[in-house]
Amino acid sequence: MLSHLTFHEQPALLLTVVLPASIVFGYGIWYAVQWYFFIGAYKHWKKLPPGPKSGRFSGTPGYPRVKHHIYFKELADTYGEIYSVWAGPTLQVVLNTPKAIRTLCDSRGAIYNDRPKMYAFHDRIFRGISIVSTGYGDLWRKQRRIFTSLTSITRSKKLLPYQEYESKQYVFDMLKSPDDFFLHTERYGSSVLTSVVYGLRADDITDPAAQGLILMGTWLEANLLPGKYLDDRWPVLQRLPDILAPWRKVYRENAELLDMIARAWWNPAKIRAKNGRSDHCFAMDFLETYTAEGFNEDEAALIALGLMLAGAGTTGAIQNFLIMGCALNPHVVQKAHEELDRIVGRNRLPDLSDEPNLPYVRAIIKETMRWRPFSNQGFYHATTKEDWYDGYYIPAGTTVVANAYSIHFDAKRHPNPEKFDPERFINYPLGANEYANMKDGEKRDHFAYGAGRRICAGLPVAETSLFLLSSRLLWGFNITRRKDEAGNTIPVDTMNYEADEDEDGVFAKPRPYAAKIEVRGPEFAAVISDTFKDAKTDLSSLGEAFRAGEMGSMQSVCDILKNHPDVVPHLPS
Numbered sequence: 038m039l040s041h042l043t044f045h046e047q048p049a050l051l052l053t054v055v056l057p058a059s060i061v062f063g064y065g066i067w068y069a070v071q072w073y074f075f076i077g078a079y080k081h082w083k084k085l086p087p088g089p090k091s092g093r094f095s096g097t098p099g100y101p102r103v104k105h106h107i108y109f110k111e112l113a114d115t116y117g118e119i120y121s122v123w124a125g126p127t128l129q130v131v132l133n134t135p136k137a138i139r140t141l142c143d144s145r146g147a148i149y150n151d152r153p154k155m156y157a158f159h160d161r162i163f164r165g166i167s168i169v170s171t172g173y174g175d176l177w178r179k180q181r182r183i184f185t186s187l188t189s190i191t192r193s194k195k196l197l198p199y200q201e202y203e204s205k206q207y208v209f210d211m212l213k214s215p216d217d218f219f220l221h222t223e224r225y226g227s228s229v230l231t232s233v234v235y236g237l238r239a240d241d242i243t244d245p246a247a248q249g250l251i252l253m254g255t256w257l258e259a260n261l262l263p264g265k266y267l268d269d270r271w272p273v274l275q276r277l278p279d280i281l282a283p284w285r286k287v288y289r290e291n292a293e294l295l296d297m298i299a300r301a302w303w304n305p306a307k308i309r310a311k312n313g314r315s316d317h318c319f320a321m322d323f324l325e326t327y328t329a330e331g332f333n334e335d336e337a338a339l340i341a342l343g344l345m346l347a348g349a350g351t352t353g354a355i356q357n358f359l360i361m362g363c364a365l366n367p368h369v370v371q372k373a374h375e376e377l378d379r380i381v382g383r384n385r386l387p388d389l390s391d392e393p394n395l396p397y398v399r400a401i402i403k404e405t406m407r408w409r410p411f412s413n414q415g416f417y418h419a420t421t422k423e424d425w426y427d428g429y430y431i432p433a434g435t436t437v438v439a440n441a442y443s444i445h446f447d448a449k450r451h452p453n454p455e456k457f458d459p460e461r462f463i464n465y466p467l468g469a470n471e472y473a474n475m476k477d478g479e480k481r482d483h484f485a486y487g488a489g490r491r492i493c494a495g496l497p498v499a500e501t502s503l504f505l506l507s508s509r510l511l512w513g514f515n516i517t518r519r520k521d522e523a524g525n526t527i528p529v530d531t532m533n534y535e536a537d538e539d540e541d542g543v544f545a546k547p548r549p550y551a552a553k554i555e556v557r558g559p560e561f562a563a564v565i566s567d568t569f570k571d572a573k574t575d576l577s578s579l580g581e582a583f584r585a586g587e588m589g590s591m592q593s594v595c596d597i598l599k600n601h602p603d604v605v606p607h608l609p610s
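Encoded structure:
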């Protein structure tokens, strides 16, 4: 019926007449349904957890678009262990104590380990294949089992040679260009991930595949922002057909981009397998098993990419926060030097066997995870059915926030919480995984890895990486504040996270800051250089540096991502 209109007139009619009418009609249906259920359960809704006065549909006044963790902490100081807020029409219940998180997310995991519905990101862009956003059920359990087959404590021991080599290059890179410490941590994290997933490593941060992974991590973060897309802010719009939802064009574009990136990694692995290569990596194993797991090849490529993206940027961000904390507190570095010199000596790098005997180094890592975790609220959970806690009603489909920031900055639990003080954890000899599994949530060291059955699947791998990076950096280098040409100490803003000015990032990553990193002396430089030289002789057993012939398509991916509107705001100016 619109065929008589010109090409330019049809979109105008859709935007000015059809679309508004569809939205109004959709809102009417949605409000009617919501009101029906609201009236039916009214006696329970009056028993929601306390919180600021809110509109059932309009949301909580003052709910911010940025720095949700600060807002949630302020409300926790007022309402205590558990409270509720409304993000538009979406109910959020925020948990602020170890007891509440342990009771609900862990002990009642079957109820509290779903995910909020992410129609745009999960259903349309990832086509239902993303462990980050997959709802709790059989598909999630299958993907989780695949992921933990690579990252479990037992399997992580097989990944140790990759981490050993890359951490030796890390301190060697620090020796050669200490001012580029941000880039060195990014290279380490990228190379470990690409090595264990695809059997290919990044010798340099400028390699297209390393750049592609970093840029893809930025794209992922932007698309995980709660409420980024109209269909997620107002779920009723999901009922509209695509022809009446022109804003969904970006979903299709992002889905096509995702397929291109997944294939840019997957297809070279297929070629290597066809040519008889047997690299020790996830992709090579998965090529033989994905059909038996019930996936087609497109889904398998997305799963492999998702495994890599799940860890993108995490290690680098945490390590750069650790350097920040050490630079601001030189006495911490001095005490670490004393411990490392006493236990390790000056003739070799620390290794994983030293970890039980380095309680202060371990405490520095734990304090970093408390002080500046990679994600202040973690990924949000959701309830699969209604529940009660301490007399409060929590409806089915509620978004649940395990608010790590409120716990980490609770002055009763951690006096003077803004202070970077490793002494808080000097008597915590166990790993984060062991503390997370304790029945008493109050004994847990920190909540940076999440909670419940959704706890970070890569926790054992992350713990090993952070120990090797941190212990070797602290062993060989001094870390202090940098001064300008006039001799003035350059200030460091510890709250300057990498996020858009008008959007809150899902992940907390420090923006570049000034720090001075210097090798402790010529004997330390010699050990670092000699150790890395010896390690390079074993490089062939770990994987190959990226080759232009194998990864040529990744350069095209990088070029597209560098101009993508979700990535451009985060690129260096």
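Taken in order, the sequence shown gives residues 38 to 610; the numbers are from the working numbering.
Glycine included, C-beta positions come from ideal geometry on N, C-alpha and C.
Since the model is a prediction, treat every value here as computed from it, not as a measurement.
Should residue i go down as buried or exposed, given a rule of 16 or more other Cβ atoms within 10 Å for buried?
{"i": "Asn474", "result": "exposed"}
{"i": "Gln200", "result": "buried"}
{"i": "Lys154", "result": "buried"}
{"i": "Ala370", "result": "Per the sequence shown, the amino acid found at residue 370 is Val instead of Ala. Looking at its Cβ environment, which holds 16 or more other Cβ atoms inside 10 Å, Val370 is buried."}
{"i": "Ser214", "result": "exposed"}
{"i": "Trp256", "result": "buried"}
{"i": "Ala306", "result": "buried"}
{"i": "Trp20", "result": "Residue 20 is absent from the structure shown; the chain starts at 38 and stops at 610."}
{"i": "Ser95", "result": "exposed"}
{"i": "Ile527", "result": "exposed"}
{"i": "Lys648", "result": "Past the boundaries of the shown model lies residue 648; the chain is included only from 38 to 610, so the question cannot be answered."}
{"i": "Glu258", "result": "buried"}
{"i": "Glu538", "result": "Bear in mind that a pLDDT of 42 at Glu538, under 50, signals an unreliable position, so the number given afterwards is only what the model happens to contain. The residue in question, Glu538, is exposed, as its Cβ has fewer than 16 Cβ neighbours within 10 Å."}
{"i": "Cys595", "result": "buried"}
{"i": "Ile280", "result": "exposed"}
{"i": "Gly92", "result": "exposed"}
{"i": "Glu223", "result": "buried"}
{"i": "Ser507", "result": "buried"}
Is DSSP giving residue i helix, strand or coil here?
{"i": "Glu118", "result": "coil"}
{"i": "Val169", "result": "coil"}
{"i": "Tyr442", "result": "helix"}
{"i": "Pro245", "result": "helix"}
{"i": "Thr574", "result": "coil"}
{"i": "Phe411", "result": "coil"}
{"i": "Glu540", "result": "With a pLDDT of only 48 at Glu540, under the threshold of 50, the placement of this residue in the model should not be trusted; the figure read from the coordinates follows. Looking at Glu540 - three-state DSSP - the assignment turns out to be coil, as it is neither helix nor strand."}
{"i": "Asp418", "result": "In the sequence as displayed, the identity of residue 418 is His instead of Asp. DSSP places His418 in strand when its eight states are reduced to three."}
{"i": "Lys553", "result": "strand"}
At the level of alpha carbons, what is the spacing between residue i and residue j?
{"i": "Ala551", "j": "Cys363", "result": "12 angstroms"}
{"i": "Tyr397", "j": "Tyr465", "result": "10 angstroms"}
{"i": "Arg461", "j": "Ala310", "result": "49 angstroms"}
{"i": "Ala499", "j": "His159", "result": "25 angstroms"}
{"i": "Gly353", "j": "Ile402", "result": "13 angstroms"}
{"i": "Arg300", "j": "Ser502", "result": "28 angstroms"}
{"i": "Asp477", "j": "Asp424", "result": "21 angstroms"}
{"i": "Thr517", "j": "Pro367", "result": "6 angstroms"}
{"i": "Thr574", "j": "Tyr235", "result": "21 angstroms"}
{"i": "Ile360", "j": "Leu505", "result": "14 angstroms"}
{"i": "Leu377", "j": "Ile242", "result": "29 angstroms"}
{"i": "Thr328", "j": "Glu334", "result": "8 angstroms"}
{"i": "Leu112", "j": "Ile183", "result": "39 angstroms"}
{"i": "Arg152", "j": "Arg491", "result": "9 angstroms"}
{"i": "Arg285", "j": "Lys194", "result": "44 angstroms"}
{"i": "Gln592", "j": "His451", "result": "47 angstroms"}
{"i": "Lys179", "j": "Tyr149", "result": "18 angstroms"}
{"i": "Ala572", "j": "His221", "result": "18 angstroms"}
In chain order, what residues of the same chain have a beta carbon less than 6 angstroms from the beta carbon of residue i, not counting five sequence neighbours either side?
{"i": "Glu479", "result": "Pro135"}
Looking only at its own chain, which residues have a Cβ that is under 7 angstroms from the Cβ of residue i, when we skip the five neighbours before and after it?
{"i": "Leu496", "result": "Ala469, Asn470 and Tyr486"}
{"i": "Val556", "result": "Leu212, Gly513, Phe514 and Ala562"}
{"i": "Asn413", "result": "His106, Ala441, Tyr442 and Ala545"}
{"i": "Phe569", "result": "Lys205, Gln206 and Phe209"}
{"i": "Leu250", "result": "Ser227, Leu230, Thr231, Met345 and Ala349"}
{"i": "Asp482", "result": "Lys403, Phe462, Tyr465, Ala469 and Tyr472"}
{"i": "Leu252", "result": "Cys595, Leu598, Lys599 and Val604"}
{"i": "Lys520", "result": "Thr526 and Ile527"}
Tell me which same chain residues have a C-beta within less than 8 angstroms of the C-beta of residue i, skipping the five on either side of it?
{"i": "Gly428", "result": "Lys84"}
{"i": "Leu295", "result": "Ile162, Phe163, Leu339 and Leu342"}
{"i": "Gly146", "result": "Gly489 and Arg490"}
Three or more C-beta pairs below 8 angstroms linking the segment 412-419 and the segment 430-440: yes
Cβ pair count under 8 angstroms reaching 3, the segment 269-278 against the segment 316-332: no
Cβ contact check for the segment 165-177 and the segment 508-524: 3 or more pairs under 8 angstroms: no
The segment 346-353 / the segment 487-507 touching (three or more Cβ pairs under 8 angstroms): Counting Cβ pairs under 8 angstroms, three or more are found: they touch.
At least 3 beta-carbon pairs within less than 8 angstroms: the segment 379-388 vs the segment 216-236: no
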